Amino acid sequence: MKKINKNSYIFIDFDGVILDTEVRLEYMKGDRTWEEFSPTVDWTKLIKEAEEIESSIENLKEIEKTYKNVFILSKVHTIHEMKEKLGFLRNNNINIPVHFVPYSSNKSDVVIPKNNYYLIDDQEINVIDWNHKGGVGIHFSEIKKDNTISSLKELLSKGEK
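Read in order, the letters of the sequence shown correspond to residues -18 to 142 in this note's numbering.
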């Protein structure tokens, strides 16, 4: 993977990268469809109870200082979910701009990837789509492979010094 430079654009997913909401949602959903399940989610409670992944807040603050063009790029189901995610970030003094994506759309439909646009995402399908559209997708996963990180801290070591 090419080095991330100070002028690169970095888009960081929220669910499954910053907080463990993705795993919690899958567990809570059970056998229900998303259409059945999503209206029942208490986003205030979910965000409050979710755990930070690998010191993500501290790492986001360092990333924000290191790179000029950093954004949160998160899919959302509802306006309430948007407000809770934004509130969580701002309450933790994360002032990175946030782009929300309607759940039924691709992230690459909201932000058109270019060769210096990096997406950090736990959903491999989003990474593949981002790469296919011309960006650089980095999979956020505990399973180490090429183009994979398991902590946002690793973004700091992948940058040019």
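Every residue gets a Cβ at the ideal spot worked out from N, C-alpha and C, and that includes glycine. Keep in mind that this is a model prediction, so the values were computed, not measured.
Item to check | Cβ-based burial, N40 [other Cβ within 10 Å; buried from 16] | outcome: buried
Checklist entry - Quick one, are the C-beta atoms of S52 and F(-5) less than 7 Å apart? => result Reading off the sequence shown, one finds Phe at residue 52, where the question assumed Ser. No, the pair does not count as a contact, with Cβ atoms beyond the cut-off.
Checklist entry - With which residues is E33 paired in a DSSP beta bridge? => result L0
Item to check | Cβ-based burial, W15 [other Cβ within 10 Å; buried from 16] | outcome: exposed
Checklist entry - So, using beta-carbon positions, are S89 and K114 closer together than 7 Å? => result yes
Checklist entry - In the DSSP assignment, what residue or residues form a beta bridge with S55? => result F81
Checklist entry - Going by beta carbon distance, what residues of the same chain come within less than 6 Å of S131, once the five residues before and after it are set aside? => result E123
Checklist entry - With respect to the beta strand (DSSP E) encompassing L100, which residues constitute its N-terminal and C-terminal limits? => result 98 to 102
Next on the checklist: Is the separation between the beta-carbon of D103 and that of V(-2) shorter than 7 Å?
Outcome noted: yes
Item to check | Closest residue to G116 among K126, I101, L136 (Cα-Cα distance) | outcome: I101
Checklist entry - Using a C-beta cutoff of 7 Å, does D103 count as contacting chain C? => result Of the chains in the structure shown, none is chain C; there is only one protein chain.
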